[in-house]
Amino acid sequence: MGETGSHGAERCKSKRVVKAIVYGNTASYLGKKLENEHTHEWTVFVRPYHNEDPAKFIRKVQFKLHDSYANPTRVVEKPPFEVTETGWGEFEVQIRIYFVDVSEKPITAFHYLRLFQPQATLPNGKTIVAAEYYDEIVFQEPTVAMYKALVSSEGRKCDPKRFYTDFVHVRKRTLEMITNARTEIGKEIDDLRESLKEAHKLIQKYRAEVESLESAATNPSAVSFSVGDGKRE
């Protein structure tokens, strides 16, 4: 079924599994400053995009917070893989995902924790900051144990209501932007080709004129002059 990898674990040759995830944070204003000057409550998280149990293939998630927090390295070993805290400033969070098979190397993502934008409106009319990002973990020839875990965790398709971001719309808009960019680049390439053709023609013209002048300079007999008969009145 498979072959042995660098860690000695048997791997599933030619197998490829993709797991879609969403990571990011939500934040809400507390209404007033706390004694420690904190103004917002926030939650940083890693969640499966589809309705499935992430514990089937994720062993733990490590969140590295700002050094000003007590115990800035937080390890969450069961779903939900998230950390909730309060604070007053934005900073970068390192997210490290470990898999159920230790033969598979952990992966690292970085998320800039947002407290003010982008905002989403809740059904009750209130607003919340929701910075959510879609990504995919690609397992190329995973170990046999990892492959079984990945397949066993497959669940139902995504319920858009689970997230504040309309990822289908974002994907469609991104594809449109890519298509438009490719079209514009194609036009610019065509214009450059035409400019190069015109430049090549001009170079050939100047080269021919230079060669003609050089030929005339090295062959004086090719130059003729008209003179009068020399008669005087």
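Just so we're aligned, residue 526 is where the sequence shown starts under this note's numbering, counting upward by one.
Even glycine gets a Cβ: it sits at the ideal position worked out from N, Cα and C.
Please report the straight-line C-alpha distance between residue i and residue j, rounded to a whole angstrom.
i      : j      : result
Lys540 : Thr564 : 48 Å
Phe641 : Thr551 : 10 Å
Glu602 : Ile710 : 47 Å
Ser531 : Lys630 : Its pLDDT being 47, under 50, Ser531 is placed unreliably by the model, and the measurement read from it follows with that caveat. Answer to the nearest angstrom: the Cα atoms are 11 Å apart.
Lys558 : Asn649 : 24 Å
Pro643 : Lys712 : 34 Å
Ala742 : Glu736 : 10 Å
Arg584 : Arg718 : 54 Å
Met526 : Glu679 : Note that Met526 scores a pLDDT of 40, beneath 50, so its modelled location is shaky; the value from the coordinates is reported in the next line. One C-alpha to the other measures close to 21 Å.
Ile632 : Ala580 : 16 Å
Lys726 : Ala645 : 58 Å
Glu723 : Thr652 : 58 Å
Glu610 : Leu721 : 60 Å
In this structure, what does DSSP give as the bridge partners for residue i?
i      : result
His565 : Tyr554 and Gly612
Val547 : Arg572 and Tyr659
Ala645 : Ile653
Val669 : None, per the DSSP bridge assignment.
Gln587 : Val600 and Arg621
Arg732 : Note: Arg732 sits in no beta bridge, so no partner.
Glu607 : Phe570
Phe664 : Val542
Take the Cβ of residue i as the centre, count every other Cβ of all protein chains shown within 10 Å, and call the residue buried at 16 or more, exposed below.
i      : result
Ala674 : buried
Gly612 : buried
Leu638 : buried
Val608 : buried
Thr529 : Per-residue confidence for Thr529 stands at a pLDDT of 37, beneath the threshold of 50, marking its modelled position as unreliable; the derived number appears in the next sentence. Counting Cβ neighbours within 10 Å, Thr529 comes out exposed, since fewer than 16 surround it.
Arg757 : Because Arg757 sits at a pLDDT of 49, beneath the cut-off of 50, its placement in the model cannot be relied upon, and the point is left open.
How far does the beta strand (DSSP E) with residue i in it reach, from first residue to last?
i      : result
Ala580 : Counting along the chain, Ala580 falls outside any beta strand (DSSP E), and DSSP gives it neither H nor E.
Tyr637 : Ile632 to Tyr637
Indicate whether the contact test is met: 3 or more Cβ pairs, each with one atom in the segment 620-628 and one in the segment 667-685, closer than 8 Å. yes
With a cut-off of 8 Å, do at least 3 Cβ pairs link the segment 570-577 to the segment 545-556? yes
Would you call the segment 650-659 and the segment 677-693 touching, i.e. three or more CB-CB distances under 8 Å? yes
Contact the segment 610-623 vs the segment 579-590: 3+ CB pairs below 8 Å: yes
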